[in-house]
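Read the sequence shown against this note's numbering and you will find it ends at 337, with the numbers running on by one and no gaps.
Glycine residues also receive a C-beta, built at the ideal position from the N, C-alpha and C atoms.
Since the structure is predicted, the reported quantities are computational estimates derived from the model, not experimental observations.
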Amino acid sequence: MTENQNKEREFQIFLKPVGARCNLRCRYCYYLDKISLHTGGSDPFMSDEVLEKYIIQHIEAATGRDIFFSWHGGEPLLAGIDFYRKAVAFQKKHTPQGKTVLNGIQTNGTLIDWDWAWFFKIEKFIIGISIDGPGDLHNTFRKDAEGNPSLARVLKGYEILQRAGITTEILCVVNSSNSAFPLITYDFFRDIGAKYVTFLPLVERRPGSVKGVSRASVDPDEFGRFLIAVFDEWIEKDIGKIKIQVFEEAVRTAFGQEHTLCIFKENCGGVPVVESNGDFFSCDHFVNKDNLVGNI
C-alpha cells in the first residue's frame, strides 16, 4: 500500500487475517498458492485470540507516536466487517495515552459497500485498491474464480468510497498487458479522480526456471518507457495534484533520504508478515514452511 499521509513509519508489518484466501483469481498473484499453508484442519481465519495478541505485541513494539497497522490478503475484507470492529476495539483498549493508531487496508475493492465505506470513514482507515487500468488492461489478469472480469465491481466499490469522501490510493501492477499503454492507463486514473498512485512492476518467475520470468512480467525497458511517459504527462499537468509513489522514491534517492517502499530499500526483510494463525515470516514473497521465523 502507498502512504497518502506521507508519514515515516517506524516499522510496517503485513497482517493477513484471511491468509491467501481471495474472491479473485488474478493470473499473476504469487500469494494464491499460500493457501496450502492452512490445510490439515487449521482455521484459515484469524481468531480473536491471535488478533488481540498481535495487536498488543505490535503496540508494545512501537516506540513512535504513530502506530500503523497494515491489513493485507488475499482479500482482507473476507474477514468481515465485525472482525475489523473487534480489531479497532482491541486497538483502543491497548493503545497508551498519547499514541495514535492508523489503519491501512489493501483490497481488490469488489466487496466494498456502504457499510464498509462508513466504517472506514468513521475509523479513518487508509484504503488502497488494486486497479491495473481501464477495460482489458485490468481484466486481462484480474478475473474472479469463475473467470469473469472484475473491473466493473472494483469501480463500483471505488465510487462508493469516493462518494463517502474517502480518498483512495490506487495500486497498479504494470505487466505485459498494460505496459504498452502508459498514457491510457494514467489518463484513466486521472479521470476517476485518483490522488495517489503506485506503479509496481510485475516480475514473476517462470515455473520451473531459476532466472526466467513469465510472459505476464513487464520487460525492464518497457517499464522504463512506461514510467517516462507517465512522468512527462504528470510533470506537465498534474504535479502537486496527484502523488505517484515511484517518483517520490526517486526524489528520495536524489536527496539521500530513506526509502519508504521496500523494493527500493538496500536490504530485504523490512516488511514482515503475520499470517492468520500467527505465523511470522520475513516477507510475503517468502511465506512458506521453509522460511517460517516463528509464531507470535
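Residue i vs residue j beta-carbon contact at 8 angstroms
i	j	result
residue 243	residue 216	yes
residue 96	residue 132	yes
residue 210	residue 237	yes
residue 163	residue 140	no
residue 116	residue 194	no
residue 59	residue 110	no
residue 98	residue 304	no
Cα-Cα separation between residue i and residue j, rounded to whole angstroms
i	j	result
residue 183	residue 65	7 angstroms
residue 173	residue 239	10 angstroms
residue 223	residue 287	14 angstroms
residue 328	residue 93	22 angstroms
residue 160	residue 253	44 angstroms
residue 156	residue 257	36 angstroms
residue 68	residue 179	11 angstroms
residue 302	residue 290	7 angstroms
residue 272	residue 227	10 angstroms
residue 166	residue 147	10 angstroms
residue 114	residue 276	33 angstroms
residue 91	residue 247	35 angstroms
residue 101	residue 85	26 angstroms
residue 82	residue 123	Because residue 82 sits at a pLDDT of 49, beneath the cut-off of 50, its placement in the model cannot be relied upon, and the following sentence gives the value as read from the coordinates. So the alpha carbons of these two residues sit roughly 23 angstroms apart.
residue 130	residue 89	11 angstroms
residue 134	residue 268	44 angstroms
residue 259	residue 87	34 angstroms
residue 306	residue 265	19 angstroms
Assigned exposure category for residue i - 16 Cβ within 10 Å defines buried
i	result
residue 334	exposed
residue 213	buried
residue 317	buried
residue 121	exposed
residue 171	buried
residue 218	buried
residue 128	buried
residue 42	Per-residue confidence for residue 42 stands at a pLDDT of 47, beneath the threshold of 50, marking its modelled position as unreliable; no derived number is given.
residue 315	buried
residue 292	exposed
residue 245	buried
Residue i versus the options, residue with shortest Cα-Cα distance
i	options	result
residue 189	198, 201, 200, 176	176
residue 339	125, 107, 105	Because the chain here runs from 42 to 337, residue 339 falls outside it and cannot be looked at.
residue 197	135, 167, 233, 269	233
residue 220	166, 255, 262	262
residue 158	284, 60, 229, 201	201
residue 285	316, 259, 230	230
residue 313	326, 306, 203	326
residue 150	138, 134, 119, 127	119
residue 105	136, 76, 298	136
residue 186	73, 337, 204	73
residue 112	138, 205, 144, 103	144
residue 379	298, 297, 322	Because the chain in this structure spans residues 42 to 337, residue 379 falls outside the shown range and cannot be described.
residue 324	336, 330, 311, 331	311
residue 205	307, 87, 168	168
residue 225	152, 270, 307	270
residue 208	264, 152, 245, 282	282
DSSP state of residue i mapped onto helix, strand, coil
i	result
residue 237	strand
residue 230	helix
residue 215	strand
residue 82	With a pLDDT of 49 at residue 82, under the threshold of 50, the modelled position of that residue is not reliable, and no figure is offered here.
residue 149	coil
residue 287	helix
residue 46	Since pLDDT at residue 46 reaches only 44, below the 50 mark, its modelled position is unreliable, and the value read off the structure follows with that caveat. Looking at residue 46 - three-state DSSP - the assignment turns out to be coil, as it is neither helix nor strand.
residue 123	helix
residue 293	helix
residue 58	coil
residue 185	strand
residue 263	helix
residue 131	helix
residue 329	coil
residue 337	coil
residue 222	coil
residue 117	helix
residue 192	helix
Residue i CB to nearest heavy atom of the ligand GTP below 7 angstroms
i	result
residue 55	In the structure shown, the ligand GTP is absent, as is every other ligand, since no ligand is present at all.
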